[in-house]
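Trainee: Going down the list, the sequences are from chains A and B. Each residue of the first sequence is one higher than the one before, counting from 1 in the working numbering. Each residue of the second sequence is one higher than the one before, counting from 117 in the working numbering.
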Amino acid sequence: GAVVSQHPSWVICKSGTSVKIECRSLDFQATTMFWYRQFPKQSLMLMATSNEGSKATYEQGVEKDKFLINHASLTLSTLTVTSAHPEDSSFYICSASVGLGTDTQYFGPGTRLTVL
Amino acid sequence: QKEVEQNSGPLSVPEGAIASLNCTYSDRGSQSFFWYRQYSGKSPELIMFIYSNGDKEDGRFTAQLNKASQYVSLLIRDSQPSDSATYLCAVRLGYGGSQGNLIFGKGTKLSVKP
Chain A
1 GAVVSQHPSW VICKSGTSVK IECRSLDFQA TTMFWYRQFP KQSLMLMATS NEGSKATYEQ
61 GVEKDKFLIN HASLTLSTLT VTSAHPEDSS FYICSASVGL GTDTQYFGPG TRLTVL
Chain B
117 QKEVEQNSGP LSVPEGAIAS LNCTYSDRGS QSFFWYRQYS GKSPELIMFI YSNGDKEDGR
177 FTAQLNKASQ YVSLLIRDSQ PSDSATYLCA VRLGYGGSQG NLIFGKGTKL SVKP
């Protein structure tokens, strides 16, 4: 149980383009989904938290107009990196929990983004 | 600034030995503590969580929590080469809103030598 998927697993794009990453909870309904970013040899940094049907809460320093998050249903959240630049190249990982951030977070397999 | 500190390692142990991974946290009000394992290029996978002071055992893994010392550890008994990974300690401050978010340490890289 508690399986989270992400798509795509990796993506290479040109600078200036937008990339959409999907996060799905496959066998449970995720009230809360989290988006993290991890640079090489660094820890996970929380970007934003989203609850189904409401606007995402972004962490300080994360541009909400650049990283668009949509949590349209209890099983799907999407992260769109708009006008991507090479410095946005990173490992993007989503996680999901059943409760309102109180329960264990289950992580997706991650999406490696490379911006040329 | 709420922080979670871990020794980056690498921690090297021989196969069959006990690996001891340590983590300290700055916010005394922290409520929940998690250990995740992350293989290179992969996302974290939950090993175990602990909420109360003392020890919690699950198979070869034992988590130890000491809230007075703001210290949480993970022991891996009978270490196997497949345990070689980076171990992330994560702390949750509380419940609801941003209190429910996890704060991660940078991880300790464990290497188990055959």
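From the three backbone atoms N, C-alpha and C, an ideal C-beta is built for every residue, glycine too. Since this is a predicted model, take the numbers as computed values, not measurements.
With a cut-off of 8 angstroms, does the C-beta of A/Phe107 fall near any C-beta of chain B?
Mentor: Closer than 8 angstroms to some Cβ of chain B, the Cβ of A/Phe107 qualifies, so yes.
Trainee: If I'm right that A/Thr114 touches A/Ser89 with Cβ under 8 angstroms, what's the distance once you round it to whole angstroms?
Mentor: Correct: roughly 5 angstroms between the Cβ atoms.
Trainee: Give me the Cα-Cα distance between B/Pro230 and A/Asp27, rounded to the nearest whole angstrom.
Mentor: The alpha-carbon atoms of B/Pro230 and A/Asp27 are separated by roughly 37 angstroms.
Trainee: With a threshold of 16 other CB atoms inside 10 Å of the CB of A/Ser18, please say whether the residue is buried or exposed.
Mentor: By the neighbour-count rule (16 or more Cβ atoms within 10 Å), A/Ser18 is not buried but exposed.
Trainee: Can you pull the chain A residues whose beta carbon is under 8 angstroms from the beta carbon of B/Lys158, in chain order?
Mentor: Per Cβ cutoff of 8 angstroms: Pro109 and Gly110.
Trainee: How is the beta strand (DSSP E) around B/Val129 delimited, first residue to last?
Mentor: Run containing B/Val129: Leu127 to Pro130, per the beta strand (DSSP E) assignment.
Trainee: Could you give the first and the last residue of the continuous beta strand (DSSP E) run that contains B/Arg176?
Mentor: Premise fails: B/Arg176 is in no beta strand (DSSP E) and is neither H nor E.
Trainee: Using 8 angstroms as the limit for Cβ to Cβ distance, is A/Ile12 near chain B?
Mentor: Taking Cβ atoms only, chain B never reaches closer than 8 angstroms to A/Ile12, which makes this a no.
Trainee: Could you tell me whether the Cβ atoms of A/Ser97 and B/Gly221 are closer together than 8 angstroms?
Mentor: Contact: no.
Trainee: Could you tell me how far apart the beta carbons of B/Glu161 and B/Tyr152 are, in whole angstroms, since I believe they sit closer than 8 angstroms?
Mentor: Contact holds; Cβ gap of about 6 angstroms.
Trainee: Which whole-angstrom value is the C-beta distance of B/Tyr141 and B/Gln186, which I expect to be below 8 angstroms?
Mentor: Correct: roughly 5 angstroms between the Cβ atoms.
Trainee: Drop a sphere of 10 angstroms on the beta-carbon of A/His121, count the other beta-carbons inside from all chains shown, and report buried for 16 or more, exposed for fewer.
Mentor: The question about residue 121 of chain A has no answer, for chain A in this structure spans 1 to 116.
Trainee: Give the straight-line distance between the Cα atoms of A/Ile93 and A/Pro109, rounded to the nearest whole angstrom.
Mentor: If you take the alpha carbons of A/Ile93 and A/Pro109, they lie about 7 angstroms apart.
Trainee: By the 10 Å Cβ neighbour count, where 16 or more other Cβ atoms means buried, how is B/Ala201 classified, buried or exposed?
Mentor: The residue is buried, with at least 16 neighbouring Cβ atoms inside 10 Å.
Trainee: Any C-beta of chain B sitting closer than 8 angstroms to the C-beta of A/Thr104?
Mentor: It does; some Cβ of chain B falls within 8 angstroms.
Trainee: Check the Cβ of B/Gly223 against every Cβ in chain A and list those closer than 7 angstroms, keeping chain order.
Mentor: Those are Ser43, listed as they occur along chain A.
Trainee: Is the separation between the beta-carbon of A/Gln38 and that of A/Met47 shorter than 8 angstroms?
Mentor: No, these two residues do not count as a Cβ contact at 8 angstroms.
Trainee: Just the C-alpha distance for B/Gly157 and B/Phe150, rounded to the nearest angstrom, thanks.
Mentor: Each residue's Cα considered, the two are about 20 angstroms apart.
Trainee: In angstroms with no decimal places, state the Cα-to-Cα distance between A/Leu79 and B/Glu173.
Mentor: So the two alpha carbons sit approximately 37 angstroms from each other.
Trainee: What whole-angstrom Cβ distance do A/Lys14 and A/Leu116 have, given they're in contact under 8 angstroms?
Mentor: That belief holds up - the Cβ atoms of A/Lys14 and A/Leu116 are roughly 6 angstroms apart, short of 8 angstroms.
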